[in-house]
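Undergrad:
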Amino acid sequence: MKLKLKPSARVNRRYILIEAKSESQVAQAVLDGLGVIGWAKSSPIFIKSKNSKIILSIDRKELNNVRAAIELSRENIRILRVSGTIKGLADRNL
0 MKLKLKPSAR VNRRYILIEA KSESQVAQAV LDGLGVIGWA KSSPIFIKSK
50 NSKIILSIDR KELNNVRAAI ELSRENIRIL RVSGTIKGLA DRNL
């Protein structure tokens, strides 16, 4: 039997559509910008990857930090869109 969490205990997540060569490139950019503690706080999950577009799920509270780390990286990574649902990103762009 699976226990259910109360809505107030659930982690609110945001989904970022990123254009990059690989997931490891994005992970390295976030690690370089935020460090291991920032990586753990943002609790990133790679959802989908197709062609050069990647959907990354992160904690809502860390959205600005992750965006800053990705934008300040010297890699060729672009943030295309941020959404509160996967459907909002996948329908138009993947």
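One point on numbering: in numbering that gives the first Met the number 0, the residue at position 52 of the sequence shown is 51, and numbering is uninterrupted. Each residue gets a CB set at the ideal place from its N, CA and C atoms; glycine is no exception.
1. Closer than 7 Å by C-beta to S51: which residues in its own chain qualify, once you throw out the five before and the five after it? Chain order, please.
2. Tell me whether S41 is buried or exposed, calling it buried when 16 or more other Cβ atoms sit within 10 Å of its Cβ.
3. Helix, strand or coil: which one does DSSP assign to V10?
4. Where does the unbroken alpha helix (DSSP H) through R66 begin, and where does it stop?
5. Out of I46, I78 and V25, point me to the one whose CA is closest to K86's CA.
TA: Here's the rundown:
1. E18, A19 and K20
2. buried
3. V10 carries a coil assignment under DSSP once its states are collapsed to helix, strand and coil.
4. L62 to L71
5. Cα-wise, what sits closest to K86 is I46.
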